[in-house]
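Enquirer: Quick one: structure below, then a few questions.
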Amino acid sequence: MASSSTSSSFKLMLLMPILVSSLIVATVGNLNQDFDITWGDGRANILNNGELLTLKLDKASGSGFQSKHEYLFGKIDMQLKLVPGNSAGTVTAYYLSSKGSTWDEIDFEFLGNLSGDPYILHTNVFSQGKGNREQQFYLWFDPTADFHTYSILWNPQRIIYSVDGTPIREFKNSESIGVPFPKNQPMRIYSSLWNADDWATRGGLVKTDWSQAPFTASYRNFKADACTWSSGASSCSSSTASPSSSSNSWLSQELDSASQERLKWVQKNYMIYNYCSDTKRFPQGVPPECSA
Numbered sequence: 003m004a005s006s007s008t009s010s011s012f013k014l015m016l017l018m019p020i021l022v023s024s025l026i027v028a029t030v031g032n033l034n035q036d037f038d039i040t041w042g043d044g045r046a047n048i049l050n051n052g053e054l055l056t057l058k059l060d061k062a063s064g065s066g067f068q069s070k071h072e073y074l075f076g077k078i079d080m081q082l083k084l085v086p087g088n089s090a091g092t093v094t095a096y097y098l099s100s101k102g103s104t105w106d107e108i109d110f111e112f113l114g115n116l117s118g119d120p121y122i123l124h125t126n127v128f129s130q131g132k133g134n135r136e137q138q139f140y141l142w143f144d145p146t147a148d149f150h151t152y153s154i155l156w157n158p159q160r161i162i163y164s165v166d167g168t169p170i171r172e173f174k175n176s177e178s179i180g181v182p183f184p185k186n187q188p189m190r191i192y193s194s195l196w197n198a199d200d201w202a203t204r205g206g207l208v209k210t211d212w213s214q215a216p217f218t219a220s221y222r223n224f225k226a227d228a229c230t231w232s233s234g235a236s237s238c239s240s241s242t243a244s245p246s247s248s249s250n251s252w253l254s255q256e257l258d259s260a261s262q263e264r265l266k267w268v269q270k271n272y273m274i275y276n277y278c279s280d281t282k283r284f285p286q287g288v289p290p291e292c293s294a
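Just add 2 to the spot in the sequence shown (first one is 1) and you have our numbering.
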């Protein structure tokens, strides 16, 4: 297990310094400026002058929010503290998604569990309405004890999921072998806390204990270095979005050798499901991107 100083160094390595041009949105701090509460009938709240957002779930309803902006590529960070104690049956979803029947989506989902058992971090990538690309992980810390940073780097070549700066998953653009990649549809950020005890914990065997309600998940320190989409156009001009532009290095960022080693460490020690290894699910052969 890596020390906190090692994790910090990897975080600095992945969060490369970015001199963001005036055409790129770089926001951090006030959640009131970046998000709208979309449902929950008072169960979601933005507090402390925009520094903290909380979602609550009780037997009557969960709650959720979405970003004011749509994005087409970006480096997006959010700190989350998950539902503590017995969170069985609950799901905290944090994801990017477009609209329509052929939507794109990049998912973090946190599946609750009985007190003392680990959360499951569930990831998935949808392109043109097709998902079924799940990878699941345990975490190497208690995600309910404090805030941790969950990041999505999304550029035309790859999607990288990171936790506290440590990469846990990379989904590369494999259009050259016929695999659609999310690159044409702008996406909003969404998050919700909801009851999914029909499947979330041990396949639905463990139900939500409503005596523990309300359940609460907390959010802070949102940051987006990203191209926003408005009125059919990107805030990044073609010249601004060029991978050769040093001011937009995240647009062509990839994992260096040290980050690749960290990715292998996570996947060896903490991955508990990988669709690319599920030959029972794909008896005719795993999806083509798995061998790319």
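Here a beta-carbon is modelled for each residue, glycine too, at the ideal position from N, C-alpha and C.
(1) Could you give the distance in angstroms between the alpha-carbon of T94 and the alpha-carbon of Y192?
(2) Under a three-way DSSP split, which group does Y121 fall into?
(3) If you draw a straight line from the C-alpha of K225 to the C-alpha of L116, how long is it?
(4) CB-CB under 6 Å to R135, same chain, minus the five flanking residues each way: which ones, in chain order?
(5) Tell me the rounded alpha-carbon separation between E107 and D211.
(6) Thinking just about the alpha-carbon of each residue, which of T218, Q187, Q159, N186 is nearest to the one in L257?
(7) May I ask which residues mark the beginning and end of the alpha helix (DSSP H) holding R264?
(8) My guess is that Q130 and T92 are in contact by the Cβ rule of under 8 Å, so how many angstroms apart are they, rounded?
(9) Check the DSSP bridge columns for H150 and list the partner residues they point to.
(10) Quick check: the region 69-83 against the region 33-43, are at least 3 beta-carbon pairs closer than 8 Å?
(11) Indicate the three-state DSSP secondary structure (helix, strand or coil) for R283 in the structure shown.
(12) Where does the unbroken beta strand (DSSP E) through L98 begin, and where does it stop?
(13) Using the C-alpha atoms, what's the distance from E291 back to N56?
(14) Taking the C-alpha atoms as reference points, what is the distance between Y152 and Q286?
(15) If I measure Cβ to Cβ from G180 and keep anything under 7 Å in the same chain, skipping five residues before and after, which residues do I get?
(16) Sorted by chain position, which residues of the same chain lie with C-beta nearer than 7 Å to F284's C-beta, five sequence neighbours on each side aside?
(17) Give me, in chain order, the residues of the same chain whose beta-carbon lies closer than 8 Å to that of A243; leave out the 5 immediate sequence neighbours on both sides.
(18) State the Cα-Cα distance for the pair F183 and S63, rounded to the nearest angstrom.
(19) Which same chain residues end up closer than 6 Å to K77 when comparing Cβ atoms and leaving out the 5 residues on each side of it in sequence?
(20) Short of 6 Å in beta carbon distance, which residues of its chain neighbour E177, apart from the five on each side in sequence? Order them along the chain.
(21) Can you tell me whether DSSP reads Y277 as helix, strand or coil?
(22) State buried or exposed for N88, treating a residue as buried only when at least 16 other CB atoms are found within 10 Å of its CB.
(23) Three-state secondary structure (DSSP) at G205?
Expert: In this structure, then:
(1) As a working note, residue 94 is residue 92 in the sequence shown. As a working note, residue 192 is residue 190 in the sequence shown. If I take the Cα positions, the gap works out to 11 Å.
(2) Counted from its first residue, the sequence shown places residue 121 at position 119. If DSSP states are grouped into helix, strand and coil, Y121 belongs with coil.
(3) Stepping through the sequence shown from its first residue, residue 225 is reached at position 223. Stepping through the sequence shown from its first residue, residue 116 is reached at position 114. Rounded to the nearest angstrom, the two C-alpha atoms are 31 Å apart.
(4) The residue you call residue 135 lines up with position 133 of the sequence shown. So the qualifying residues of the chain are N126, V127, Y277.
(5) Reading the sequence shown from its first residue, position 105 is the one you call residue 107. Reading the sequence shown from its first residue, position 209 is the one you call residue 211. Cα to Cα, the separation comes out at about 30 Å.
(6) The residue labelled residue 257 in the question sits at position 255 within the sequence shown. With distances taken between CA atoms, L257 lies nearest to Q159 out of T218, Q187, Q159, N186.
(7) In the sequence shown, the residue the question calls residue 264 occupies position 262. Judged by DSSP secondary structure, R264 falls within the alpha helix (DSSP H) whose first and last residues are 259-271.
(8) Indexing the sequence shown from 1 puts residue 130 at position 128. Indexing the sequence shown from 1 puts residue 92 at position 90. The beta-carbon separation of Q130 and T92, rounded to 30 Å, does not stay under the 8 Å limit for a contact.
(9) Here residue 150 refers to the residue found at position 148 when the sequence shown is read from its first residue. DSSP links H150 through a beta bridge to L82.
(10) As far as the Cβ criterion goes, the region 33-43 touches the region 69-83, which means the pair count is three or higher.
(11) As a first step, residue 283 is located in the sequence shown; it is residue number 281 there, counting from the start. In this structure, R283 counts as coil in the three-state DSSP scheme.
(12) As a position in the sequence shown, residue 98 is number 96, starting the count at 1. That run of the beta strand (DSSP E) goes 92-99.
(13) The residue labelled residue 56 in the question sits at position 54 within the sequence shown. The residue labelled residue 291 in the question sits at position 289 within the sequence shown. A small correction: the amino acid at residue 56 is Thr; Asn does not occupy that position in the sequence shown. Cα-Cα distance, rounded: 37 Å.
(14) Taking the sequence shown and counting its residues from 1, the one referred to as residue 152 is at position 150. Taking the sequence shown and counting its residues from 1, the one referred to as residue 286 is at position 284. Using only the alpha carbons, I get a separation of about 34 Å.
(15) Along the sequence shown, one-based indexing puts residue 180 at 178. Excluding positions up to five away in sequence, the list reads P290.
(16) Here residue 284 corresponds to residue number 282 of the sequence shown, with the count starting at 1. Same-chain partners within the cutoff: there are none.
(17) Residue 243 sits at position 241 when you count from the first residue of the sequence shown. With a pLDDT of only 47 at A243, under 50, the local geometry of the prediction cannot be trusted, and no value is derived from it.
(18) If you number the sequence shown from 1, residue 183 lands on position 181. If you number the sequence shown from 1, residue 63 lands on position 61. Distance between the alpha carbons of F183 and S63 is about 34 Å.
(19) Sequence index remark: in the sequence shown, residue 77 carries index 75 (1-based). Setting aside the 5 residues that flank it on each side, K77 is surrounded in the same chain by L155, D227, W252, each with a C-beta closer than 6 Å to its C-beta; the list follows chain order.
(20) On the sequence shown, residue 177 is found 175 positions in, with the first residue counted as 1. Taken in chain order, the residues that qualify are F183.
(21) Within the sequence shown, the letter at position 275 stands for residue 277. DSSP, reduced to helix, strand and coil, places Y277 within a helical segment of the structure shown.
(22) Along the sequence shown, one-based indexing puts residue 88 at 86. By the 10 Å Cβ count, N88 comes out buried.
(23) Counted from its first residue, the sequence shown places residue 205 at position 203. Reduced to three states, the DSSP call for G205 is helix.
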